[in-house]
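Q: Read in the numbering used here, the sequence shown has 687 at position 17, and its numbers run on one by one without any break.
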Amino acid sequence: MAASISTIESGSSSSHAIFRPVQPGNWQGCYHCLETIEFVPGAGRTQVTCKTYRDGTWLQVEHYHPDCYAESGHPTYVDSAA
Ligand SMILES: [Zn+2]
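1. Flag H686 as yes when its Cβ comes closer than 6 angstroms to any non-hydrogen atom of ligand 1, and as no otherwise.
2. Quick check: P694 and T716, are their CB atoms within less than 7 angstroms of each other?
3. At 3 residues or longer, what runs of the beta strand (DSSP E) sit wholly inside the segment 697-736?
4. Shorter than 6 angstroms, the distance from the beta carbon of C623 to the closest heavy atom of ligand 1, or not?
5. Based on the DSSP secondary-structure assignment, which residues constitute the bridge partners of S684?
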């Protein structure tokens, strides 16, 4: 599974998050609570997809429930997907 990035103490890390609808058959797990971000028909659920960068290099992609993303206090800015 994904390694923790909490050990990163220096360097210019940043991230870029996008809210978008959960797709049917989604298997991706939430990086915060580790549960699968499930598609629920008619529920209009969204997920947060967050690309993280460090020193200008793409590091990884993290997925979150919107609530988990807020709880994680992730230092980022957010664009709303159209
Ligand atoms: Zn979660």
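C-beta atoms are modelled at their ideal positions from N, C-alpha and C, and glycine is treated no differently.
The structure presented is a predicted model; accordingly, all values stated were derived computationally and were not measured.
A: This is what the structure gives:
1. The answer is no for H686.
2. Contact: no.
3. Within the segment 697-736, the runs of beta strand (DSSP E) that reach at least 3 residues and sit entirely inside it are, in chain order, 716-724 and 727-734.
4. The chain is shown from 671 up to 752; residue 623 falls before or after that span and cannot be answered.
5. Bridge partners of S684: Y723.
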